[in-house]
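Beneath this line is the structure, given in structure tokens, with notes to follow.
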């Protein structure tokens, strides 16, 4: 109908496609561990000859000695276009290596054109800095030193990603391009630059209470100088999990709720405050003046800020975090109150120290 309406305005649609029929077959041959695919497409036109295109492909994964999951594929097709028929061939082989590296080789030929070969090296061993290099050309181009070389590098940072592309073909062209892709989110809790947030996906703002350098989700996000970071492109209507990298926290920083889960609607901005503290970290044993220990479960509180920084375990054992310079800590239970003065240094690499707690007056 649209073509008929257009023809009344003088548009010629006589060469447009009239009908298209597609027959496809896909089969996995278990004894050979081989994937096969066959496709036949027949197109008819209003005022042109009918043409039929064929394509057939084979693919298989296999092992050779220490090399595992090698993949190979072969595709062949016959295409008819403007009364000309053309045979097309494509072969590829991928050799996976350790640490997310691989080598790929491909060969392709279209009709009577010269065969083009491409070899590619990919290195994704550093998930935040993947890159690849490739060289491609015909036999003549390789022989004349005119093969094309291409390279790609991507850097993921907590504040966005850098993309760099370069290519060179002697006597023909040289090109270099770079781009930065990132987003900015601001709410009443704070603001942060972060990696690109795709479409209308939800995102999560993480608040480390003013502490900078806290890594979230494997270094893909990190709290800024205001203690704010944003985890982008969180799934909509599914449970999102934000994880703090406890193995690489800044010196003196401790996070107790290192895994947080939430479910967000489409386009929502979630807010997740972390129970983060910064200061000295001490492992010790609290003893009273009479040599006994405080009762199990007594809270240790910073007298100046009122913040709880530890909990007494069996036999007075305690782990204290977020201790500030020259701070005084207090313990209260029943009608008893005692104060202790911790040292102005951490001792996580040493043995537990004795922390005398004297009655408060």
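Residue numbers (the UniProt record's numbering): 1 to 361. Glycine included, each C-beta is placed from N, C-alpha and C at the ideal position.
Since residue i contacts residue j with CB under 8 Å, what's their CB separation in whole angstroms?
i           : j           : result
residue 71  : residue 94  : 5 Å
residue 333 : residue 294 : 7 Å
residue 45  : residue 17  : 6 Å
residue 232 : residue 196 : 7 Å
residue 181 : residue 163 : 7 Å
residue 208 : residue 227 : 4 Å
residue 134 : residue 119 : 7 Å
residue 275 : residue 262 : Not quite, the Cβ-Cβ distance comes to about 16 Å (not below 8 Å), so this is no contact.
residue 357 : residue 287 : 7 Å
Going by DSSP, which residues form a beta bridge with residue i?
i           : result
residue 106 : 92, 118
residue 150 : 134, 167
residue 205 : 230, 271
residue 391 : The requested residue 391 does not occur in the structure, where the chain is confined to residues 1 to 361.
residue 176 : 166
residue 277 : 254
residue 195 : 182
Could you pull out every residue in the same chain whose Cβ sits closer than 6 Å to the Cβ of residue i, ignoring the five residues on either side in sequence?
i           : result
residue 21  : 42
residue 26  : 37
residue 359 : 338
residue 117 : 107
residue 230 : 185, 192, 194, 203, 205
residue 308 : 299, 301
residue 62  : 70
residue 168 : 149, 174
residue 330 : 301, 303, 339
residue 222 : 158, 215, 229
residue 129 : 155
residue 86  : 79, 111
Give me the residue from the options with the minimum Cα distance to residue i.
i           : options            : result
residue 313 : 197, 299, 290      : 299
residue 289 : 301, 316, 304      : 316
residue 137 : 19, 130, 146       : 146
residue 306 : 169, 327, 109      : 327
residue 353 : 361, 341, 360      : 341
residue 345 : 323, 357, 337, 358 : 323
residue 205 : 164, 269, 123, 86  : 269
residue 281 : 226, 52, 217, 351  : 351
residue 157 : 102, 215, 247, 96  : 215
residue 264 : 236, 347, 278, 218 : 236
residue 88  : 139, 135, 112, 58  : 112
residue 278 : 207, 243, 120, 254 : 254
residue 69  : 104, 84, 52, 47    : 104
residue 59  : 51, 49, 74, 65     : 74
residue 110 : 34, 127, 91        : 91
residue 101 : 81, 124, 85        : 124
residue 335 : 361, 244, 310, 160 : 361
residue 249 : 242, 219, 98       : 219
residue 151 : 121, 79, 33        : 121
residue 320 : 291, 355, 119      : 355
Please go through the same chain and pick out, in chain order, the residues whose beta-carbon is closer than 7 Å to the beta-carbon of residue i, but skip the five residues on each side of it.
i           : result
residue 382 : One cannot answer for residue 382 here, as it falls past the ends of the chain, which runs 1 to 361.
residue 177 : 165
residue 171 : 146
residue 19  : 44
residue 258 : 243, 244, 246
For residue i, which residues of its own chain have a beta-carbon under 8 Å away from its beta-carbon, when the five flanking residues on both sides are left out?
i           : result
residue 198 : 232, 233
residue 343 : 280, 282, 353
residue 225 : 212
residue 24  : 37, 38, 39, 40
residue 161 : 154, 155, 180, 181, 182, 195, 196
residue 81  : 51
Segments of 3+ residues assigned as beta strand (DSSP E) that fall wholly inside the UniProt domain "PapC-like C-terminal" (286 to 338): 299 to 302, 308 to 311, 317 to 323, 329 to 333
Uninterrupted beta strand (DSSP E) stretches inside the segment 26 to 94 (no shorter than 3 residues): 34 to 45, 51 to 64, 67 to 81
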